[in-house]
Amino acid sequence: MTNDVFFEVTECELPGVPVLDVGGEIDVATSPRLHELLTGLIEGGAPLVIVNMTDVSFIDSTGLGALAGAARDARAAGGDIRLVVTSPQIIKLLELTGLDEVFSVASSTKDAVGS
């Protein structure tokens, strides 16, 4: 079995705020990598991490779990994780699962930093 899933993460930084730009599919094959990157930023002392999901085409329950677990860890360390989501399908999924109450969801990285 081959892994044909497209997944890409690049890290950039707004002044003092790390931003993970995520593209492709966040699923059982790729969510461990996302969680690892988020954990590294949290353990590195980042008080706020933005996850830009504007180029995410799909997310499953393991991806949602990775984000929720990272948010729990960030808040335990006194920080937070905020999401940038523009896909109506992913916004609906966050609403259906109640995760729109767990995360601050914005339509741009600028809005996410300011919220």
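Numbering (numbering that gives the first Met the number 0), first residue to last: 0 to 114. Virtual Cβ for every residue (Gly too), placed ideally from N, Cα, C.
Between I49 and V16, which are expected to be in contact by the criterion C-beta below 8 angstroms, what is the C-beta distance as a whole number of angstroms?
-> 6 angstroms
What separation, rounded to the nearest whole angstrom, lies between the Cα atoms of P31 and I25?
-> 9 angstroms
Using the rule of at least 16 other Cβ atoms within 10 Å of the residue's Cβ for burial, across every protein chain shown, is G62 buried or exposed?
-> buried
Tell whether a beta-carbon distance below 8 angstroms holds between V18 and E12.
-> yes
Close-in-space but distant-in-sequence residues of the same chain around T115 (CB under 7 angstroms, 5 per side omitted) | Any property of residue 115 remains undetermined from this structure, which presents the chain solely from 0 to 114.
Alpha helix (DSSP H) runs wholly inside the region 18-79, at least 4 long, in chain order = 30-42 and 60-75
Between D54 and the rest of its own chain, which residues show a CB-CB distance below 6 angstroms, the 5 nearest in sequence each way excluded?
-> G22
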